[in-house]
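Going left to right, the sequence shown walks through residues -23 to -1, 1 to 172 as mature numbering (1 follows the signal peptide of the UniProt record, and there is no 0) numbers them.
One structure is given below, encoded as structure tokens.
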Amino acid sequence: MMMNKPVAALIGSVFLTASSAIAAPILAPPFGLQWGEGTSHVIHWAQEQKLEISVKFPSKDQRLREVIINSKSGNLPAHLASSLEVYYLKDKLYEVRVQYDGKGKSTAAVERDLNQVRKDLAAQYGNFVPDAERDRTVDQFRYLSNSYRIQPIDGLSLIVMMTKVEDLLRRKSAAKFTVIYRNQNIYNQVLAGGR
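Shown next, in the form of structure tokens:
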């Protein structure tokens, strides 16, 4: 059976689109981490990079572990981020927070960095939608925060959150932002007793 060229082209483009959709990343954690893996991978990576490592065992829930990675010299290797916070439940990775502290940068420069990171992530995972916004003033300090979210599938979230503090009396401000990768599916599975 022979197909005419337009039909063949249409079928080919459908297969191409389907295969690229399958190949597109759903939402992988950064720095080569994998959902559900144990703490050893991130600790090994940090040791190889000669980074500082802190491990916290929150008293409220002994099943939780928080691994914090910092660099003495400022940013993480080949990255704008200042630190990495990796969260585990029963030694299964379920959340990663990439912190951009903004030290030594103007608020405008931090906002530019945020917009670039958000643009890069949107190109990879899809468009962000506004998530939450807060604005409050206490004792001449104004606290602003806003966040944007991508949720490619139920249980997987990518959140970009910026926090800004303005000293209204001295007319100074500081800003920082965080990129949060969260896999609620892993968290729920571990809580339910799964692997």
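Cβ atoms here follow ideal geometry from the backbone N, Cα and C, with glycine treated the same way.
Rounded straight-line distance, which links the Cα of residue j to that of residue i
i      : j      : result
Gln24  : Gly51  : 16 Å
Ser134 : Asp78  : 22 Å
Lys82  : Leu57  : 12 Å
Asn92  : Leu121 : 16 Å
Gln128 : Asn162 : 12 Å
Asp112 : Met139 : 12 Å
Asn104 : Tyr125 : 9 Å
Ser59  : Gly170 : 34 Å
Glu72  : Lys49  : 24 Å
Ala85  : Asn47  : 24 Å
Trp22  : Asp116 : 43 Å
Where residue i falls, given that 16 or more other Cβ within 10 Å makes a residue buried
i      : result
Pro54  : exposed
Tyr102 : buried
Thr114 : exposed
Asn160 : buried
Val106 : exposed
Ile3   : exposed
Phe34  : exposed
Glu110 : exposed
Lys141 : buried
Ser36  : exposed
Phe118 : exposed
Short Cβ contact (8 Å threshold) for residue i with residue j
i     : j      : result
Leu10 : His18  : yes
Glu88 : Ala151 : no
Ser31 : Ile20  : no
Asp90 : Gly15  : no
Val75 : Pro7   : yes
Trp12 : Leu70  : yes
Cβ separation of residue i and residue j, assumed to be a contact under 8 Å, to the nearest whole Å
i      : j      : result
Ile130 : Asp108 : Wrong, their Cβ atoms sit about 17 Å apart, outside the cutoff.
Problem - the stretch 63 to 77 in contact with the stretch 34 to 54 per 3-pair CB rule at 8 Å - result: The stretch 63 to 77 is in contact with the stretch 34 to 54.
Handout entry: contact_flag[the stretch 161 to 170, the stretch 144 to 152] where n(CB pairs < 8 Å) is 3 or more
Key = Judged by Cβ distances under 8 Å, the stretch 161 to 170 makes no contact with the stretch 144 to 152, as fewer than three pairs qualify.
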